[in-house]
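S.K.: Every number in my numbering is 128 more than the matching position in the sequence shown, counting from 1.
One structure, as C-alpha cells, below. Some questions next.
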Amino acid sequence: MVRLRPPGRRLHSRAAAPGPGRIQPGLPVRGRRRPGAAGRGRPLTPGERLVALTARLAPRPANLQSALAAAPDWPDTLCLLGHHRLLARAHDCLKPWKQQVPAPAWRTLAQAAADYWRTGAVVAQGSRSVLPALDDAGVAAVPLKGPWLAERLGYPAGTRLTNDLDILVRPVDLAAARSVLSELGYRQLPEPVGLPGAHLVYVPGRPDLWLPQVEVHYNLAEPDGGAWSDRAWRRLHSRRWGDRAVLDLAAVDLVLYLSVHAARHNWFHLCHILELAYAVQAVGPKLDWAALWREASLAGLSGALRLSLSVAGRMCGAPLPDGWWRGRPAGRSLRAGLGDLMLRRRGLVRPRPELRDGPYFTLLLAVVDDGLGRALHRLGAAARPPAAGENGAGQARTGRRALGKAARLARQLVAAAAV
Numbered sequence: 129m130v131r132l133r134p135p136g137r138r139l140h141s142r143a144a145a146p147g148p149g150r151i152q153p154g155l156p157v158r159g160r161r162r163p164g165a166a167g168r169g170r171p172l173t174p175g176e177r178l179v180a181l182t183a184r185l186a187p188r189p190a191n192l193q194s195a196l197a198a199a200p201d202w203p204d205t206l207c208l209l210g211h212h213r214l215l216a217r218a219h220d221c222l223k224p225w226k227q228q229v230p231a232p233a234w235r236t237l238a239q240a241a242a243d244y245w246r247t248g249a250v251v252a253q254g255s256r257s258v259l260p261a262l263d264d265a266g267v268a269a270v271p272l273k274g275p276w277l278a279e280r281l282g283y284p285a286g287t288r289l290t291n292d293l294d295i296l297v298r299p300v301d302l303a304a305a306r307s308v309l310s311e312l313g314y315r316q317l318p319e320p321v322g323l324p325g326a327h328l329v330y331v332p333g334r335p336d337l338w339l340p341q342v343e344v345h346y347n348l349a350e351p352d353g354g355a356w357s358d359r360a361w362r363r364l365h366s367r368r369w370g371d372r373a374v375l376d377l378a379a380v381d382l383v384l385y386l387s388v389h390a391a392r393h394n395w396f397h398l399c400h401i402l403e404l405a406y407a408v409q410a411v412g413p414k415l416d417w418a419a420l421w422r423e424a425s426l427a428g429l430s431g432a433l434r435l436s437l438s439v440a441g442r443m444c445g446a447p448l449p450d451g452w453w454r455g456r457p458a459g460r461s462l463r464a465g466l467g468d469l470m471l472r473r474r475g476l477v478r479p480r481p482e483l484r485d486g487p488y489f490t491l492l493l494a495v496v497d498d499g500l501g502r503a504l505h506r507l508g509a510a511a512r513p514p515a516a517g518e519n520g521a522g523q524a525r526t527g528r529r530a531l532g533k534a535a536r537l538a539r540q541l542v543a544a545a546a547v
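In C-alpha cells:
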C-alpha cells in the first residue's frame, strides 16, 4: 500500500515530446475537449495552458508565444505556477518574451527565481557541513533531492524550489545521525512532518545558523519500503559533486523513488511529475525496465509507478519507450488506467477542490494501492473449497478480511460516483 500525504497537509514548512500521432498535453484540440489537465472535460484557459506548457520538458517556443498572446489572467496564472512550484521555471521559459509579460507579473517571476536560487544555495552550503559530519561519524547518507539531483538529471539550476535537505540513512544509523545533527545545532521537531514513521525532521536550533532544514529518511517508502531500501543500499554508486563524492541511487531506484514521491504528494504538484520526466530522460535509455517493474512489484508500488509514469508522459512529455507498460498483469494495468481517468477528472493543472479529499480521494488511493489486487486475489482463493491439508478456518479468515476490504471499496465507489 502506498501511504500518501493527507490532503491539506504540507511536508515543508513553507511553500511555495509526444510521439507521432499523439495529442500534445496541455494544448486545446479543435473539435475535442481535453479532460486531463483542467477537469470536468472543459478546455484549458490561457493561463492553465501556459502552466501546462511550463511543466513540459521542452515546451515549443511557438506554443509559449501563442499562450502569451491569448492574454492569460496573470494573478490566477501566478497562483497556479506557485502551487506547482514552477514560478522560477516560468521565468526561465518566458525570457525571450519578457516584453509580452506585464511588468508586475514579471517582477513576481524574477523575485521567485531569486528566491529559488537563494534557498538552493542555503541547501548546498548547509550540505557542506552536514554531509561531511555524517561521513566522519561513519553514517552513510544519500541525498534524495537538491542540487545533486538537479545536476544528475540535467534539471536547469535554480528552477526547482528546494528548501530542505532530504537524506536517506540506514535505520541502524538513526541514533548516530541524531547525535551529529545535534552537535551541528539542530533540534528534532516534536512530531514528524508528513508521513509518520517515514522520516524525522530537524531544524536549526537558532535563527542565526545558516543551515537548511534536514529530513532524515530511513525508508524509501511505506509499508514495504524497508526491504526495497535494503536492496537499494546494495545498488548505490558514488559520484563526484564539486570537491567531494556523494552517494547516488541506482537508476531503477531513482525512477521508482521519484514515482512514489509524486504519488505521496497525491500528484498535486507538477514539479514532482516534471522531476520524474527529467529522470526518465536522463536514465531511461540505459534503464532496465524489467528490473524496475520487478522491484516495484516486490515493494507493492507498481500501481503508483504505473500512474506516475503515465502522467509524466502525458503532461510533461517524458520519453517513455514504446510498450513501457507491457508485461504488467492485466488487473494492475486496468487499475492504473482507472486511476489515470480519476486524475483527469480531478484535474492536474487546477485540481478541483471538492475532489482533493473525501470519498473520491480515498477511492483513488484504493485504486492505485497494490494491496487491492492482493485482497481480490485472496478473496478469490477463499471462495474455492480448501484442498487436502489446507486450513479451512484460516482460509475463511483470509476471505473475510478480503471481503471487508472489497465492501469498503464498494462503498467508496458509490460515494465517489455521487461527487
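For glycine and all other residues, C-beta sits at the position ideal for the given N, C-alpha and C.
In this text, all values refer to a predicted model and were calculated from it rather than measured experimentally.
Using the DSSP secondary-structure output, state which residues sit across from residue 357 in a beta bridge.
M.R.: For residue 357, which the question treats as bridged, DSSP gives no partner whatsoever.
S.K.: Which stretch, first to last residue, makes up the alpha helix (DSSP H) that contains residue 262?
M.R.: Here the alpha helix (DSSP H) through residue 262 covers 231-264.
S.K.: CA-CA distance, residue 413 and residue 401?
M.R.: Each residue's alpha carbon lies about 19 Å from the other.
S.K.: Just to confirm the assignment, what range does the alpha helix (DSSP H) spanning residue 297 have?
M.R.: From DSSP, residue 297 is part of no alpha helix (DSSP H); its letter is neither H nor E.
S.K.: In this structure, does DSSP put residue 345 in helix, strand or coil?
M.R.: Residue 345: strand per DSSP, three-state reduction.
S.K.: Can you name the start and end residues of the alpha helix (DSSP H) that residue 365 belongs to?
M.R.: No alpha helix (DSSP H) contains residue 365, which is instead part of the beta strand (DSSP E) from 365-369.
S.K.: Would DSSP call residue 424 helix, strand or coil?
M.R.: The answer is helix: DSSP assigns residue 424 an H, G or I state.
S.K.: What are the boundary residues of the alpha helix (DSSP H) that includes residue 212?
M.R.: Run containing residue 212: none; DSSP gives neither H nor E here.
S.K.: If you draw a straight line from the C-alpha of residue 317 to the C-alpha of residue 235, how long is it?
M.R.: Distance between the alpha carbons of residue 317 and residue 235: 35 Å.
S.K.: Can you give me the start and stop residues for the beta strand (DSSP E) that residue 373 sits inside?
M.R.: Its beta strand (DSSP E) spans residues 372-376.
S.K.: Using 8 Å as the Cβ pair cut-off and three pairs as the minimum, do the stretch 271-281 and the stretch 298-314 touch?
M.R.: Touching, no.
S.K.: Comparing alpha-carbon positions, which option in 315, 344, 345 and 337 lies nearest residue 331?
M.R.: Cα-wise, what sits closest to residue 331 is 315.
S.K.: Rounded to whole angstroms, what is the Cα-Cα separation between residue 410 and residue 282?
M.R.: Their backbone Cα atoms lie some 7 Å apart in a straight line.
S.K.: Which residue's Cα is closest to the Cα of residue 266: 292, 274, 250 and 300?
M.R.: Cα-wise, what sits closest to residue 266 is 300.
S.K.: For residue 181, name the three-state secondary structure that DSSP assigns.
M.R.: The answer is helix: DSSP assigns residue 181 an H, G or I state.
S.K.: My guess is that residue 174 and residue 190 are in contact by the Cβ rule of under 8 Å, so how many angstroms apart are they, rounded?
M.R.: Incorrect: roughly 15 Å between the Cβ atoms, too far for contact.
S.K.: Please name the residue, chosen from 337, 198, 378 and 187, that lies closest to residue 172 on a Cα-to-Cα basis.
M.R.: Per the Cα distances, 198.
S.K.: Closer than 8 Å is the cut-off here; do at least three beta carbon pairs connect the stretch 424-431 with the stretch 238-257?
M.R.: Flag = no, the stretch 424-431 and the stretch 238-257 do not touch.
S.K.: With 8 Å as the threshold, decide whether the Cβ of residue 250 is near any Cβ in chain C.
M.R.: Among the protein chains of the structure shown there is no chain C, as only one such chain exists.
S.K.: Considering only the alpha carbon of each residue, which of 219, 177, 439 and 357 lies closest to residue 376?
M.R.: For the residues 219, 177, 439 and 357, the minimum Cα distance to residue 376 belongs to 357.
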